[in-house]
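All residue numbers for the sequence shown refer to my numbering, where the first residue is 16 and numbers rise by one.
Here is the structure we will look at.
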Amino acid sequence: MMNKFLYTIVAASLTFGAYAQKSDGTTRSLVNAEEDFAEKLSKTGAKTAFSTYSDDNTLVFRPNPVNAKTYYATEGDTKDLSWKPVYARVSKSGDWGFTTGPYTYTGTETSYGQFFSVWKAVDGKWVLTLDLGITHNKPLNKVKTEFIEPKESYKPKLLNDKQREAGTGIIATTESTLNATLKSYGVSAFAGFVNPDVRILFPGYEPIIGKDKAIAFFNSMMSKVNLKTTKVNKADGGDFAYTYGVAAVDYKADLRESFHYVFVYERQADHNWNLIAMVFAPAER
Numbered sequence: 016m017m018n019k020f021l022y023t024i025v026a027a028s029l030t031f032g033a034y035a036q037k038s039d040g041t042t043r044s045l046v047n048a049e050e051d052f053a054e055k056l057s058k059t060g061a062k063t064a065f066s067t068y069s070d071d072n073t074l075v076f077r078p079n080p081v082n083a084k085t086y087y088a089t090e091g092d093t094k095d096l097s098w099k100p101v102y103a104r105v106s107k108s109g110d111w112g113f114t115t116g117p118y119t120y121t122g123t124e125t126s127y128g129q130f131f132s133v134w135k136a137v138d139g140k141w142v143l144t145l146d147l148g149i150t151h152n153k154p155l156n157k158v159k160t161e162f163i164e165p166k167e168s169y170k171p172k173l174l175n176d177k178q179r180e181a182g183t184g185i186i187a188t189t190e191s192t193l194n195a196t197l198k199s200y201g202v203s204a205f206a207g208f209v210n211p212d213v214r215i216l217f218p219g220y221e222p223i224i225g226k227d228k229a230i231a232f233f234n235s236m237m238s239k240v241n242l243k244t245t246k247v248n249k250a251d252g253g254d255f256a257y258t259y260g261v262a263a264v265d266y267k268a269d270l271r272e273s274f275h276y277v278f279v280y281e282r283q284a285d286h287n288w289n290l291i292a293m294v295f296a297p298a299e300r
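Rendered as structure tokens:
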């Protein structure tokens, strides 16, 4: 009887985990997965939570990118981390999306910041792909919650690996063009590549939202940025893409610092790709 009871509990737990991660192509389903991920960590700890929501290819930036399962196999466990998504988008093909919002860590001393996660849909459930974050002082500004649903649903039926490679090539070329423009014109070059609703996460700052604020932020403190792209991924629906790599930032104060960056691009009506999210997390040498 006891064995049957234990089996029922385990089966129910596994069913809940699968249901919590269920992907139906909507932003709401992704937000549900993110919220359930946060709840699971608060109840079972980081090791179990990350193990449940990651796969063998998930990368976490701690601060440098490392395999999630490898990292949490040896890292100390914690339940002292809480977070809440306030902004999320999903591709119209439903194959991946991203979430971001504030987090609080209440360990030996309380710290605050913003998380940023990229998720992919695998066999009908959401799986964490990239997870990183930045720290800042206790937040003073309330961020508006926006969970933007895809305007339409589109999944190409005959998309093969060669076509996917060609698609990612377009994004790689866009980022290469951005980098060349940054070298020629400095950080003012971002003005031609960011969307009006762009949001930036940068250490020490609350989210910087909107093109005008973003350009003012870059121009106020930076002189040059050099990008070295590591990975490019494009949604099958052709509307979103993300990249990550290493950014060398030259400040106006004659100081250089390295960051891991994650950029999210959105395809515009004129077929250009604009940045809608930019995350700079400190890199450790």
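All C-beta atoms, glycine included, are put in the ideal place defined by N, C-alpha and C.
Secondary structure note for F217: it is in no alpha helix (DSSP H), with a DSSP letter that is neither H nor E. E54 sits in a helix when the DSSP states are folded into three classes.
Between the alpha carbons of L290 and F233 lies a distance of about 14 angstroms.
F232: member of the alpha helix (DSSP H) spanning K226 to M236, first to last residue.
Per DSSP, A88 is one residue of the alpha helix (DSSP H) stretching across A83 to T89. Within the same chain, and ignoring the five residues on either side of P100 in sequence, the residues whose Cβ sits closer than 6 angstroms to its Cβ are V46, E49, T114 and G116. In the same chain as Y118, and ignoring 5 residues on each side of it, the C-beta atoms closer than 6 angstroms to its own belong to W98, G128 and F130, in chain order. Within the same chain, G253, D254 and W288 come within 7 angstroms of R282 by CB-CB distance, once the 5 residues on both sides are set aside. Setting aside the 5 residues that flank it on each side, E164 is surrounded in the same chain by T41, T42, R43 and V105, each with a C-beta closer than 8 angstroms to its C-beta; the list follows chain order.
For A61, the enclosing alpha helix (DSSP H) starts and ends at A61 to Y68. In this structure, the alpha-carbon of S168 lies about 30 angstroms from that of S191.
N289: member of the beta strand (DSSP E) spanning W288 to P297, first to last residue. Taking V247 as reference, the option from L270, R179 and D212 with the minimal CA-CA separation is R179. Under the three-state reduction of DSSP, T121 is assigned to strand. Listed as beta-bridge partners of Q129 by DSSP are P117 and I149. For S191, there is no enclosing beta strand (DSSP E); the enclosing alpha helix (DSSP H) has its first and last residue at D176 to Y200. Excluding its 5 nearest sequence neighbours in each direction, P211 has C-beta neighbours in its own chain below 8 angstroms: G225 and K226, listed in chain order. The beta-carbon separation of D92 and A61, rounded to 6 angstroms, stays under the 8 angstroms limit for a contact.
Counting only residues of its own chain and dropping the five nearest sequence neighbours on each side, G201 has a CB closer than 7 angstroms to the CB of S238 and K239. Cβ atoms of L197 and A204 come within 8 angstroms of each other, at about 5 angstroms. Residue burial is scored here from C-beta neighbours: S108 has at least 16 other C-beta atoms within 10 angstroms and is therefore classed as buried.
With respect to the C-alpha of E54, the residue from M293, G184, D95 and I223 having the closest C-alpha is D95. Counting along the chain, R104 sits inside the beta strand (DSSP E) bounded by residues Y102 to V105.
With contacts defined by Cβ atoms closer than 7 angstroms, S38 and A195 do not form a contacting pair. In this chain, T160 is not harboured by any beta strand (DSSP E), its DSSP state being neither H nor E. Here E49 carries a helix assignment [DSSP, helix/strand/coil]. Counting along the chain, T258 sits inside the beta strand (DSSP E) bounded by residues F255 to Y266. Cβ-Cβ distances below 7 angstroms link S57 to K94 and S97 in the same chain, with the five nearest sequence neighbours on each side left out; the list follows chain order.
Judged by their CB atoms, H275 and G219 are not nearer to each other than the 7 angstroms cut-off.
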